[in-house]
Amino acid sequence: MEAFQRITGIAAPMLRINIDTDQIIPTLFLGGTEAKGYGKHLFHHWRFLADGAPNPDFILNQPPYDRAEVLLADRNFGCGSSRERAPKALREFGFRAVIAPSFGGIFYNNCFRNGIVPVELAIEQVRALVAEVEAAGGQGRVTVDLEAQLVIAPSGARHPFVVPETLRQMLLQGVDEISLTLSRQSDMDRFRTTDRARRPWAY
5 MEAFQRITGI AAPMLRINID TDQIIPTLFL GGTEAKGYGK HLFHHWRFLA DGAPNPDFIL
65 NQPPYDRAEV LLADRNFGCG SSRERAPKAL REFGFRAVIA PSFGGIFYNN CFRNGIVPVE
125 LAIEQVRALV AEVEAAGGQG RVTVDLEAQL VIAPSGARHP FVVPETLRQM LLQGVDEISL
185 TLSRQSDMDR FRTTDRARRP WAY
């Protein structure tokens, strides 16, 4: 797993409600056994015209947003199917964080396992970030600090957020659930020693 601690980067506003995983990575591009190569198909039906040319009206085709590392989204982002390739496509494109008022539950969990931090902020806070970013012509950087659980706007305004501690530690350390558990081997050994003395019949 890829670790994440803090990022300061360009933020792309995409305030559409209910962006589902099929819009993020269409079913058309899910074939094959390789768990990579999805970034080029991110938001395919929005990024490209019918003839395959880039859609100039889509925000991720417009500089500086084509280099965005933070996505500012609306409610229920990543709803729909459970496909893990949706966060994979976002990560391959270059995103490290998605900020939205709410997420599809499975998508939310999958983000942590693919190097992306999903940040839940109130819609008013997301809109305030969008307003600052747009006022700066996209050049105002947004910081997402997972260690401090803080989003910092271009103006310096600070927006705290909370994520589940186990998922937070997994992403901070770049480990999965098994590795995170094994990192507490000394704690488990101490428990077994104490428990063996207390309940020897169980051993």
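Everything in the sequence shown is counted per the working numbering, starting at 5 for the first residue and increasing by one.
All C-beta atoms, glycine included, are put in the ideal place defined by N, C-alpha and C.
Given the structure is predicted, the values throughout are model-derived calculations rather than measurements.
Less than 8 Å between the CB atoms is what I'm expecting for residue i and residue j, so what's the real figure, rounded?
i: T147; j: V134; result: Actually they do not touch by this definition, with Cβ atoms about 16 Å apart.
i: A72; j: G13; result: 7 Å
i: E1; j: A104; result: Limits of the chain in this structure are 5 at one end and 207 at the other, which puts residue 1 out of reach.
Figure out for me which residue from the options has the closest Cα to the Cα of residue i.
i: F47; options: E136, Q27, R89, L19; result: Q27
i: R131; options: P204, N113, A15, W50; result: A15
i: A208; options: R89, I110, A77; result: Nothing can be reported for residue 208, as the shown portion of the chain is limited to 5 through 207.
i: D180; options: G119, L32, N22; result: G119
i: Q129; options: N114, A157, Q153, I110; result: A157
i: A126; options: R79, T25, K40; result: R79
i: D2; options: F107, V123, G160; result: In this structure the chain extends from 5 to 207, so residue 2 is not present and cannot be described.
i: Y42; options: I110, M5, P30, F52; result: P30
i: G160; options: R145, M174, L150; result: R145
Pick helix, strand or coil for residue i, following the three-state DSSP scheme.
i: R200; result: helix
i: P91; result: helix
i: G13; result: strand
i: F116; result: helix
i: A139; result: helix
i: D191; result: helix
i: I156; result: strand
i: V134; result: helix
i: R71; result: helix
i: R172; result: helix
Using the DSSP secondary-structure output, state which residues sit across from residue i in a beta bridge.
i: L46; result: DSSP output for L46 lists no bridge partner at all.
i: E124; result: A104
i: L76; result: P17, I103
i: D55; result: DSSP output for D55 lists no bridge partner at all.
i: V148; result: I11, V155
i: D24; result: C83
*How do the segment 40-54 and the segment 89-103 stand: do at least 3 beta-carbon pairs fall below 8 Å, yes or no?*
yes
*Are the segment 136-143 and the segment 83-91 touching, with three or more C-beta to C-beta distances below 8 Å?*
no
*Please determine if the segment 53-65 and the segment 157-169 are in contact, where contact requires at least 3 C-beta pairs separated by less than 8 Å.*
no
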